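S.K.: Quick one: this structure, given as structure tokens, is what I'll be asking you about.
Rendered as structure tokens:
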């Protein structure tokens, strides 16, 4: 039920401290959510309808250029107008935890610039991906 | 006591949703912390000694290309080996809140790859910037 | 006649080689062109009408975290449907040349997805900024 | 003889014009060169010895979020202290050309901060990848 995607650290994602820059992790997390949406909501054309309201990342170990990372992504909570993603980033070779993260996603009407209840069909799809452990 | 820095949104920091991409806010926050360190710890050569352990950002309003933003940065808490930054991002013209954020910063020995107590002189400097409200 | 803009290198724009990553220079160049447009074409609402067709950058010296850079930008050539920018990036303190660049910009109809002749009024504005030396 | 690598456009690599931002292409090109080095020079530990001296990219068609791109990379010329990469970026599904690029790479002594002749063993490896057409 946890969606997994791979990425390999690009050189421009590192910084002069020699490791992956903190801002780069949010790139990986956004990509992981995009792939989650594609796998689970593709025909719903609803990706453009969601907006990120909050995100948090705990940096547990440093990552480095060319390192392969696995990002696990799942839905941990569903509310009326929003739901929550959780993420885990691990080193592919050793399994060491690199980061843990979460993101609050709101169903958003861009035309009227306000949040709206998640439609029933979308909610059902999301509920099918809920992981509560 | 709150340190302020300005930035203007670059075109490449926006995305196809027409607004500033969520990952770009972490670029602004890192820059704001760097300027805070420069203003308050320059002679301590300690910037390279800190590492970010966690960060969170709440996205309150969207921002757009060419918009001028003010980022306020202050220290909200100091522990033995770490301290916490808080940030507020506002639109320069209207004062509207764009984002609120925080970051946990750890005093880190890169050679031995472990955290260490913040040295007394650095702590004093940080305490001089503490804002508790 | 040469438009100048300043920037200070952000930490996330460096890489694990300890210097500014090559991709970051294109961020500075795009920002410099945006500011050039604002200074010289603001009321023409034509920024959205241009698209970049080609760009080249020669990296002459390395730049580093927190370094202040001056980016000079000028128009070096104007054709029927396009014009050319030239850029020079220098270290603000020493004047050392960091990079030289150019960019070909095409007047573009996004609706029809094709280039178009630059309108007369826009051309006149651009010609007023032409630097041929 | 042409090295191929795939990438899928990330959302944060697009901009408010709705397409891939010009700066993002240089991210793809750097990644492609890194993978080329890994495939062809891995045991030579020489990647850190090269520095980019110049790069140019012609943007032929726009690319969009989630599009799959193939980047072909090959060596087109080898000099005493430097060599030249060429790149072609195509849409994976249609084969449409998205961009053509090149990069001049210099063998660089970071300790002494100056270019040096490419060592004979490295040169031989590079020559084995030379594509002249």
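Protein chains in written order, with our numbering: chain A, 1 to 133; chain B, 1 to 133; chain C, 1 to 133; chain D, 1 to 133.
The beta carbon of each residue, even a glycine, is placed where N, CA and C say it ideally should be.
Nothing here was measured: the structure is a model prediction, and the numbers come from that model.
Quick check on residue 88 of chain C: does DSSP put it in helix, strand or coil?
M.R.: Strand at residue 88 of chain C.
S.K.: Can you list, in chain order, the residues of the region 77 to 97 of chain C whose Cβ is nearer than 8 Å to any Cβ on chain A?
M.R.: none
S.K.: Tell me whether the region 34 to 42 of chain A and the region 96 to 107 of chain A touch, counting them as touching only if at least three CB pairs, one residue from each stretch, are closer than 8 Å.
M.R.: Taking one beta carbon from each stretch, the region 34 to 42 of chain A and the region 96 to 107 of chain A have fewer than 3 pairs nearer than 8 Å; the two do not touch.
S.K.: Whose C-alpha, out of C:80, C:109, C:94, is nearest the C-alpha of residue 123 of chain C?
M.R.: Closest in alpha carbon position to residue 123 of chain C, among C:80, C:109, C:94, is C:80.
S.K.: Using 8 Å as the cut-off, can you tell me whether the region 10 to 19 of chain C makes contact with the region 1 to 20 of chain A, which would need three or more C-beta pairs spanning the two stretches below that distance?
M.R.: By the Cβ criterion, the region 10 to 19 of chain C is in contact with the region 1 to 20 of chain A, since at least three pairs of Cβ atoms, one from each stretch, lie closer than 8 Å.
S.K.: Using the Cβ count rule (16 or more neighbours within 10 Å means buried), how would you classify residue 68 of chain A?
M.R.: exposed
S.K.: Can you tell which of D:87, D:76, D:86, D:25 has the C-alpha that lies nearest to the C-alpha of residue 65 of chain D?
M.R.: D:25
S.K.: Go ahead and label residue 113 of chain B buried or exposed: buried means 16 or more other beta carbons lie within 10 angstroms of its beta carbon, across all protein chains shown.
M.R.: exposed
S.K.: Helix, strand or coil for residue 63 of chain C per DSSP?
M.R.: coil
S.K.: Tell whether a beta-carbon distance below 9 Å holds between residue 56 of chain D and residue 54 of chain C.
M.R.: yes
S.K.: For the region 10 to 31 of chain C, enumerate the residues whose C-beta is nearer than 7 Å to any C-beta of chain A, in chain order.
M.R.: 11, 12, 14, 15, 16, 18, 21, 23
S.K.: Within its chain, find whatever has a CB closer than 7 Å to the CB of residue 163 of chain A; leave out the 5 residues flanking it on each side and keep chain order.
M.R.: Any property of residue 163 of chain A remains undetermined from this structure, which presents chain A solely from 1 to 133.
S.K.: Do residue 105 of chain A and residue 52 of chain A have their beta-carbon atoms positioned less than 9 Å apart in this structure?
M.R.: yes
S.K.: Name the two residues that bound the continuous beta strand (DSSP E) containing residue 108 of chain D.
M.R.: 97 to 109
S.K.: What three-state label does DSSP hand residue 114 of chain A in the structure shown?
M.R.: strand
S.K.: Could you confirm whether any beta carbon from chain B is found closer than 9 Å to the beta carbon of residue 59 of chain D?
M.R.: Not one chain B Cβ lies under 9 Å of residue 59 of chain D.
S.K.: Would you say residue 38 of chain A faces chain D, with C-beta separation under 9 Å as the test?
M.R.: yes
S.K.: Could you tell me which chain D residues have their CB closer than 7 Å to the CB of residue 65 of chain B, listed as they occur along the chain?
M.R.: Scanning chain D for C-beta atoms nearer than 7 Å to the C-beta of residue 65 of chain B yields 16, reported in chain order.
S.K.: Is the CB of residue 34 of chain D under 9 Å away from at least one CB in chain A?
M.R.: yes
S.K.: Taking the alpha-carbon positions, what's the residue 2 of chain C to residue 32 of chain B distance?
M.R.: When rounded, the distance between both Cα atoms is 30 Å.
S.K.: To the nearest angstrom, how far is the alpha carbon of residue 91 of chain A from that of residue 103 of chain A?
M.R.: The alpha-carbon atoms of residue 91 of chain A and residue 103 of chain A are separated by roughly 21 Å.
S.K.: Go ahead and label residue 111 of chain D buried or exposed: buried means 16 or more other beta carbons lie within 10 angstroms of its beta carbon, across all protein chains shown.
M.R.: exposed
S.K.: Measure the beta-carbon distance from residue 23 of chain A to residue 23 of chain B and round it to whole angstroms, keeping in mind my assumption that it falls under 8 Å.
M.R.: 6 Å
S.K.: Check the Cβ of residue 115 of chain D against every Cβ in chain C and list those closer than 7 Å, keeping chain order.
M.R.: Ordered by position in chain C, no residue passes the 7 Å Cβ test against residue 115 of chain D, which lies about 12 Å from the chain.
S.K.: Could you check where the alpha helix (DSSP H) with residue 38 of chain D kicks off and where it finishes?
M.R.: Segment 22 to 41, the alpha helix (DSSP H) holding residue 38 of chain D.
S.K.: Would you mind working out which of A:129, A:85, A:118 sits nearest residue 49 of chain A, comparing C-alpha positions?
M.R.: A:118
S.K.: Shortest alpha-carbon distance to residue 83 of chain B belongs to which of B:125, B:58, B:89, B:4?
M.R.: B:125
S.K.: If you follow the alpha helix (DSSP H) that residue 126 of chain B is in, where does it begin and where does it stop?
M.R.: 120 to 127
S.K.: At least one CB of chain C closer than 9 Å to the CB of residue 8 of chain D: is that the case?
M.R.: no
S.K.: So if DSSP puts residue 4 of chain A in a beta bridge, which residue, or which two residues, is it bridged to?
M.R.: Its beta-bridge partners are A:72.
S.K.: In the DSSP output, what is residue 54 of chain B paired with across the bridge?
M.R.: A:58, B:104
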